[in-house]
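Asks: Dumping the structure here so I can ask a few things about it.
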Ligand SMILES: [Zn+2]
Ligand SMILES: [Zn+2]
């Protein structure tokens, strides 16, 4: 029998049999090592969790205050049944880590999600030498090449400024965890008061309580005087654009920060006024840089354009395999991360429901119905 | 001008207006050429362009194709793949670019390669995209002609009806100037140029809401092709709605050049017509889109023109006359023509009370009509869809409200989106019974929203099919309904399509199988 590989793709996690530990498991397990707190990586129900200490506030917020969670620093080694683990900066979001696994001289690294550019909040990515590198490929196509962060941030600054001149609110959508902190750390804060949707507000408060240097946000409530939104910046998760919540900001301009905004089609489908191409995942050039710098002789590709990137690597002299059992799921993309963003999701859904209820009562009251509908 | 930056109509018009105010006349003419879909062809082979781009991007062809598949637009794909660090780009004007591209047709492939690459190397990403669109595009910029006309009218301080008329018809940038086309006062009017169609609004509420019946004309609403027939300078032109010159497609109507006086423009409907009466649209459909109209086709689907308006008489634009006055003119023209079955007037319905009209309306299907057109006797002939003077009162299509229960991804440009849907109605046992699949009928924005919902509400997966949480309700229209033992519902509908998204309805409020069977009973 051939020797079992150090890490295996079970379809439910990246599994280390020797240590009996799972990296980012999709089902409840005994021992889960979590790369970062996005909910497609950190899931409910495991007995024990291990993660970087900066992930703790969010993990507890999302998975429950009383989960059994051990935290470590970057580079801190911990040994389970002879296997040496350590976490290394992935630069994706606060607390995000690559997991280095060493056993009998062989080194594997599971990247989780990562980006190379320093976002001034998460600790920047550091390449880790390894034999086998497991990489994400969310934007693993050569069409994805990000502009430098400061350029995008300047675009946001200018957009806000222009809306302010026109006395409009600037409603900026993006993922509550990661994107929003990155924005807050890099744009010019033109007002003292920045408004936020509940999902973002809660996260921001939690991070501030944990001691992170983030500006204070103001929660948008039913009672907030609508006039105050004129010229202001309002931060919102991506699910709000189809909800009634957003109506209260009128007149407003709607912006959306996402890597997917690189494509005109995606931008038009979201029907936003302004798309900002900003992603916390590696683009094509950086993906290739990361693979090269890992020095790995074998690469497994998950999470995105798995088969395409694996083929590309194979043609370029790097042995690569695709892993579709776990993340390589077609519906899995950056946008999915928000679905799991339960606080935002359920709230938007609730609002949608409520608005539906309202409309139905209104409709059933009125007896005048148009007999003809143009087709 | 960056029309991409905004989804807002007014902002787009403003941008275009600014352009028309500041650009040179030559540039304006080229811009109009693009906006009105008249891009000249530069004879480049798309496959070659793809290869050059892949080579320049340093990627293998298969990876280029994968990228193209993901983006869905060739010009955009290339603009994203090319190595790019130019931020400012070029300062060539539109005219200069067209001149640059105009050199291509005479070149060898190698020269074309160098010529195109040289442009790519000078341009920023967005400019490369626009350049590629000029080069190979279907140039769709997300602005309708109406908006272009509005912007141009505002910029030149000319009446928008006049502008709308002037940009229509056959013209090429090479054969005219901006001055001639837009600013001249009619003398250079091109003989083929049609008038913009006046379109009706769906009637709101009961027809009696229109007030005194004596103020109105009513005609059957024919199920054909809205057309304008122009006879000027001894030449006949037939335009169909959607601004297509279709003279060749209707040889039966060419005899009109012998009977219409010079300087006549008629508005009406081309319908298929047999044994002295109109036929359903699907008969006409058999000959639309055919390149060769064989004798057989002409025999099986002959057409006639049912005229209902006259816009120009003796070379004079009479759109400013009232509907009633124009009807008199129209009847005059018709009377002078020798009696011809294929040139008819759309008859006016005789009614003194709305109740009579309401009664007759129920007979629409028998009359192969879609309902009524109701036109104010005092109204002028306007441009586009305007509320108030022309109303359409259509018969109810066969339709039910159904729940979206399965979804599948589309193909091609929409490969990443769930666009193929299966709909269900409530069965007697309180379960949803699928009865129709439909693909079309939603706007791009709605497709995006539905896709967004689906991706977040998948219950199960069977191969490519997703079971979706039953929550979204759509009104599904269809052309016919039959019994079917092959379908779980016991019913098969013909040509189902989405009429609209009933955001106002909850799944529980969708229709029942019983209701569907009721429709079956009615139309059996
Ligand atoms: Zn992530
Ligand atoms: Zn992820």
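Chains as they are written, first to last, in UniProt numbering: chain B, 1 to 375; chain U, 1 to 524.
Glycine residues also receive a C-beta, built at the ideal position from the N, C-alpha and C atoms.
Could you pull out every residue in the same chain whose Cβ sits closer than 7 Å to the Cβ of residue 112 (chain U), ignoring the five residues on either side in sequence?
Replies: Position 112 of the second chain, counted from the first residue, corresponds to residue 112 (chain U). Result list for residue 112 (chain U): 44 and 104, in chain order.
Asks: Can we say the stretch 334-345 of chain U touches the stretch 292-301 of chain U, given the rule of at least three CB pairs closer than 8 Å?
Replies: no
Asks: Does any residue of chain U bring its CB to less than 8 Å from the CB of residue 230 (chain B)?
Replies: Sequence index remark: in the first chain, residue 230 (chain B) carries index 230 (1-based). No - not a single Cβ of chain U is within 8 Å of the one on residue 230 (chain B).
Asks: Between which two residues does the alpha helix (DSSP H) carrying residue 65 (chain U) extend?
Replies: Taking the first residue of the second chain as position 1, residue 65 (chain U) is located at position 65. Its alpha helix (DSSP H) spans residues 61-71.
Asks: How is residue 199 (chain B) classed by DSSP in three states: helix, strand or coil?
Replies: The count along the first chain starts at 1 and reaches residue 199 (chain B) at position 199. Helix.
Asks: Give the C-beta separation of residue 81 (chain B) and residue 18 (chain B) to the nearest angstrom, bearing in mind that I take them to be a contact with Cβ-Cβ under 8 Å.
Replies: Counted from its first residue, the first chain places residue 81 (chain B) at position 81. Counted from its first residue, the first chain places residue 18 (chain B) at position 18. Right, their Cβ atoms sit about 6 Å apart.
Asks: According to DSSP, which residues form a beta bridge with residue 265 (chain U)?
Replies: By one-based count along the second chain, residue 265 (chain U) stands at place 265. Paired residues: U:230 and U:312.
Asks: Tell me whether residue 73 (chain U) counts as near ligand 2, meaning its Cβ is closer than 7 Å to at least one heavy atom of that ligand.
Replies: Counting from 1 along the second chain, the entry for residue 73 (chain U) is found at position 73. Checking the Cβ of residue 73 (chain U) against ligand 2 gives no.
Asks: Could you tell me the distance, in whole angstroms, from the CA atom of residue 312 (chain U) to the CA atom of residue 241 (chain U)?
Replies: As a first step, residue 312 (chain U) must be located in the second chain, where it is residue number 312. As a first step, residue 241 (chain U) must be located in the second chain, where it is residue number 241. For residue 312 (chain U) and residue 241 (chain U), the distance between alpha carbons rounds to 18 Å.
Asks: Taking 7 Å as the line, does the beta carbon of residue 92 (chain B) fall inside it for any heavy atom of ligand 1?
Replies: Counted from its first residue, the first chain places residue 92 (chain B) at position 92. Within the cutoff, so yes.
Asks: Any idea what DSSP makes of residue 121 (chain U), helix, strand or coil?
Replies: Numbered from 1 along the second chain, position 121 holds the residue referred to as residue 121 (chain U). The answer is helix: DSSP assigns residue 121 (chain U) an H, G or I state.
Asks: Is the closest heavy atom of ligand 1 to the C-beta of residue 113 (chain B) under 7 Å?
Replies: Walking along the first chain from the start, residue 113 (chain B) turns up at place 113. Correct: residue 113 (chain B) has its Cβ closer than 7 Å to ligand 1.
Asks: So does residue 115 (chain U) have its beta carbon nearer than 7 Å to some heavy atom of ligand 1?
Replies: Sequence index remark: in the second chain, residue 115 (chain U) carries index 115 (1-based). Result no, Cβ not under 7 Å from ligand 1.
Asks: Locate the beta strand (DSSP E) running through residue 434 (chain U), then write down its first and last residues.
Replies: As a first step, residue 434 (chain U) must be located in the second chain, where it is residue number 434. Counting along the chain, the beta strand (DSSP E) containing residue 434 (chain U) begins and ends at 432-438.
Asks: Could you give the first and the last residue of the continuous beta strand (DSSP E) run that contains residue 109 (chain B)?
Replies: Counting from 1 along the first chain, the entry for residue 109 (chain B) is found at position 109. Element bounds for residue 109 (chain B): 106-110.
Asks: Going straight from the alpha carbon of residue 514 (chain U) to that of residue 426 (chain U), what length do you get?
Replies: Locating residue 514 (chain U) in the second chain gives position 514, where the first residue counts as 1. Locating residue 426 (chain U) in the second chain gives position 426, where the first residue counts as 1. C-alpha separation (whole angstroms): 8 Å.
Asks: Any Cβ of chain U within less than 8 Å of the Cβ of residue 315 (chain B)?
Replies: Against the first chain, residue 315 (chain B) aligns to sequence position 315. With 8 Å as the cut-off, residue 315 (chain B) counts as an interface residue toward chain U.
Asks: If you scan the stretch 64-95 of chain B from start to end, which runs of the beta strand (DSSP E) of 3 or more residues do you find wholly inside it?
Replies: Here the runs fully enclosed are 68-72, 78-80 and 83-89.
Asks: Going by C-alpha to C-alpha distance, which of U:250, U:261 and U:428 sits closest to residue 273 (chain U)?
Replies: In the second chain, residue 273 (chain U) corresponds to position 273, counting from 1. Selected option, being the one with the closest Cα: U:250.
Asks: Going by DSSP in three states, residue 93 (chain U) sits in which element: helix, strand or coil?
Replies: Walking along the second chain from the start, residue 93 (chain U) turns up at place 93. Correct three-state label for residue 93 (chain U): coil.
Asks: Pull up the distance between the alpha-carbon of residue 454 (chain U) and that of residue 79 (chain U), whole angstroms please.
Replies: Within the second chain, residue 454 (chain U) is the residue found at index 454, counting from 1. Within the second chain, residue 79 (chain U) is the residue found at index 79, counting from 1. Rounded to whole angstroms, residue 454 (chain U) and residue 79 (chain U) show a C-alpha spacing of 31 Å.
Asks: Output the boundary residues of the beta strand (DSSP E) element that contains residue 50 (chain B).
Replies: As a position in the first chain, residue 50 (chain B) is number 50, starting the count at 1. Counting along the chain, the beta strand (DSSP E) containing residue 50 (chain B) begins and ends at 48-52.
Asks: Extract the residue ranges of the alpha helix (DSSP H) inside the stretch 130-189 of chain B, only unbroken runs of 4 or more that lie entirely within it.
Replies: 149-165 and 179-186
Asks: Three or more beta-carbon pairs under 8 Å between the stretch 92-104 of chain U and the stretch 124-136 of chain U, yes or no?
Replies: Under the three-pair Cβ rule at 8 Å, the stretch 92-104 of chain U counts as touching the stretch 124-136 of chain U.
Asks: Within this structure, are the beta carbons of residue 432 (chain U) and residue 333 (chain U) separated by less than 8 Å?
Replies: Taking the second chain and counting its residues from 1, the one referred to as residue 432 (chain U) is at position 432. Taking the second chain and counting its residues from 1, the one referred to as residue 333 (chain U) is at position 333. In this structure, residue 333 (chain U) does not lie closer than 8 Å to residue 432 (chain U) by Cβ.
Asks: Fully enclosed by the stretch 5-49 of chain B, which beta strand (DSSP E) runs are 3 residues long or longer?
Replies: 14-16, 21-23 and 31-33
Asks: Does any C-beta atom of chain U lie closer than 8 Å to the C-beta of residue 265 (chain B)?
Replies: The residue labelled residue 265 (chain B) in the question sits at position 265 within the first chain. Interface annotation, residue 265 (chain B): in contact with chain U, CB-CB separation under 8 Å.
Asks: Below 8 Å on the Cβ atoms is my contact criterion, and I expect residue 136 (chain B) with residue 119 (chain B) to pass it. Report the Cβ-Cβ distance as a whole number of Å.
Replies: Within the first chain, numbered from 1, the residue matching residue 136 (chain B) stands at position 136. Within the first chain, numbered from 1, the residue matching residue 119 (chain B) stands at position 119. Not really, about 16 Å apart at Cβ, beyond 8 Å.
Asks: Since residue 254 (chain B) contacts residue 171 (chain B) with CB under 8 Å, what's their CB separation in whole angstroms?
Replies: Taking the first chain and counting its residues from 1, one reaches residue 254 (chain B) at position 254. Taking the first chain and counting its residues from 1, one reaches residue 171 (chain B) at position 171. That pair is a contact at about 5 Å.
Asks: Kindly examine ligand 1 and report whether one of its heavy atoms sits closer than 7 Å to the Cβ of residue 52 (chain B).
Replies: Within the first chain, residue 52 (chain B) is the residue found at index 52, counting from 1. Residue 52 (chain B): no, Cβ never under 7 Å from ligand 1.
Asks: How is residue 48 (chain U) classed by DSSP in three states: helix, strand or coil?
Replies: What you label residue 48 (chain U) is simply residue 48 of the second chain in a count that begins at 1. DSSP, read as helix, strand or coil, puts residue 48 (chain U) in helix.
Asks: Cα separation between residue 124 (chain U) and residue 114 (chain U)?
Replies: Within the second chain, the letter at position 124 stands for residue 124 (chain U). Within the second chain, the letter at position 114 stands for residue 114 (chain U). Going by the C-alpha atoms only, they are around 18 Å apart.
Asks: Who are residue 127 (chain U)'s beta bridge partners in DSSP?
Replies: Translated into positions along the second chain, residue 127 (chain U) becomes position 127. None, per the DSSP bridge assignment.
Asks: In the DSSP assignment, what are the bridge partners of residue 312 (chain B)?
Replies: As a first step, residue 312 (chain B) must be located in the first chain, where it is residue number 312. Looking at the DSSP assignment, residue 312 (chain B) forms no beta bridge with any residue, so it has no partner.
Asks: Taking a Cβ distance cut-off of 7 Å, strictly less, list which residues of the stretch 123-145 of chain B are near chain U, in chain order.
Replies: 141, 142 and 143
Asks: For residue 438 (chain U) and chain B, any beta-carbon pair shorter than 8 Å?
Replies: On the second chain, position 438 is the one that residue 438 (chain U) refers to. Closer than 8 Å: no.
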